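Asks: Numbering (this note's numbering), first residue to last: 1030 to 1404. Even glycine gets a Cβ: it sits at the ideal position worked out from N, Cα and C. A quick note: this is a predicted structure, and the numbers were derived from the prediction, not measured. To start, I am sharing the structure in question, which I have written as structure tokens.
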């Protein structure tokens, strides 16, 4: 896929405000992109979207999982003509909520300022408008640049997880255009930032086949040893879980093969323990789960010196995620062969061990000089 098309997908998604329970503008872009590129798309009972490319129903399914919301404010009630009460939904430390921070409120896009905190135990705040809002606000987001692409970076208000959504859609679109054999679903979930609400209900709905390989796609806080700009990350686990061993082995084999074909392709392997991702709820529901991510700067808009700033990721890292996803899908009929290589290697080593060790200890009795101590 060309950089221009991928960036267009990112921009269309990231220009939409996204807050838990109020993802309708992002959903509108997901549905439009699916319609424009001939992807089937349907809605589950709680508003998650599922897009499909199924040219090979004989193949086991792969499900690409990403969420459509981002931390932000939900407007609750008016306190006066120019003041509203709002609740912040998502994980941001209290030191970042400084009165006077600029906000943008929807549906009208009107500007406002963050006011004082209203409650010691909840994230309830005043939102102060310069003039009375034309229509009642539904949500407020930080008034940041929604999208930019320069110097090899994608930067904006909500890379998390709209870049993940963009990578899933880009993969589906390219599979559709190429006519490749594939049995793939894009799972686009709601209200992840408030406790995986859409994810949990989708995992228990039965809409995702039990034999699916679920691949969680995230932008994850940059933590050593993973680095921004060093490639897509094969995510071993998150703060709560370690993911499927055999599935990760498949990802590793495919990524290594891709790198052997193209030395410019880069990947990393790391336990990204900065948070818990959607892979964990699906794994706890009994699914076989793996995860990919790209390292994220200014996670949840939390910058240095307690400033609210745009998030950013490496464009080559995100494009590398799409390249790897395409390989994962198109080589899925090799899953058993690729994941059995380690077993074959270990079986060969065991055969060698039996020749050398069974019945004798190399002619040396245990406990005598030259033998290894038993510990």
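Looking at the unbroken alpha helix (DSSP H) that takes in residue 1199, where does it start and where does it end?
Replies: Note, residue 1199: alpha helix (DSSP H), 1188-1207.
Asks: Since I believe residue 1193 is in contact with residue 1344 (beta carbons under 8 Å), could you give me their beta-carbon distance rounded to a whole number of angstroms?
Replies: Incorrect: roughly 14 Å between the Cβ atoms, too far for contact.
Asks: Thinking C-alpha only, which one of 1372, 1369, 1370 and 1362 is nearest residue 1088?
Replies: The shortest Cα separation from residue 1088 among 1372, 1369, 1370 and 1362 belongs to 1362.
Asks: Comparing alpha-carbon positions, which option in 1135, 1188, 1149 and 1297 lies nearest residue 1163?
Replies: Nearest of 1135, 1188, 1149 and 1297 to residue 1163, Cα basis: 1135.
Asks: For residue 1370, count the other beta carbons within 10 Å of its own beta carbon; 16 or more makes it buried, fewer makes it exposed. Which is it?
Replies: When all chains shown are included, residue 1370 counts as exposed.
Asks: Could you compute how far the alpha carbon of residue 1239 sits from the alpha carbon of residue 1084?
Replies: Looking at the two C-alpha atoms, the distance is approximately 19 Å.
Asks: What separation, rounded to the nearest whole angstrom, lies between the Cα atoms of residue 1319 and residue 1307?
Replies: Straight-line Cα distance between these residues: approximately 10 Å.
Asks: Put residue 1173 into one of helix, strand or coil per three-state DSSP.
Replies: Three-state result, residue 1173: coil.
Asks: So, at 7 Å on beta carbons, what are the nonlocal neighbours of residue 1115 in its own chain, with the 5 sequence-adjacent residues on each side left out?
Replies: Here the set comprises 1102, 1103, 1104, 1105, 1154, 1156 and 1169.
Asks: For residue 1127, name the three-state secondary structure that DSSP assigns.
Replies: DSSP places residue 1127 in coil when its eight states are reduced to three.
Asks: Going by beta carbon distance, what residues of the same chain come within less than 8 Å of residue 1207, once the five residues before and after it are set aside?
Replies: Closer than 8 Å at the Cβ level, and outside the excluded window around residue 1207, lies no residue.
Asks: Would you list the residues sitting across from residue 1107 in a DSSP beta bridge?
Replies: Residue 1107 is bridged to 1113.
Asks: Specify whether the stretch 1347-1354 and the stretch 1195-1213 touch according to this definition: at least 3 beta carbon pairs, one from each stretch, less than 8 Å apart.
Replies: Yes, the stretch 1347-1354 is in contact with the stretch 1195-1213.
Asks: What would DSSP say about residue 1084, mapped onto helix, strand or coil?
Replies: Coil at residue 1084, not helix or strand.
Asks: Can you tell me whether residue 1117 is buried or exposed, with buried defined as 16 or more other CB within 10 angstroms of its CB?
Replies: Answer is buried; the Cβ neighbour count reaches 16.
Asks: How about residue 1224 and residue 1077: do their beta carbons lie closer than 8 Å?
Replies: Result no, Cβ atoms of residue 1224 and residue 1077 do not sit closer than 8 Å.
Asks: Please classify residue 1056 as buried or exposed, where buried requires at least 16 other C-beta atoms within 10 Å of its C-beta.
Replies: That one is buried.
Asks: Report the CB separation of residue 1187 from residue 1047 in whole angstroms; it is logged as a contact under 8 Å.
Replies: Sure, about 5 Å apart at Cβ, within 8 Å.
Asks: Assign residue 1399 to one of three DSSP states: helix, strand, or coil.
Replies: With a pLDDT of only 49 at residue 1399, under the threshold of 50, the placement of this residue in the model should not be trusted, and no figure is reported.
Asks: Distance, Cα to Cα, residue 1098 vs residue 1222?
Replies: So the alpha carbons of these two residues sit roughly 7 Å apart.
Asks: Straight-line CA distance for residue 1054 to residue 1045?
Replies: Taking the straight line from one Cα to the other gives about 6 Å.
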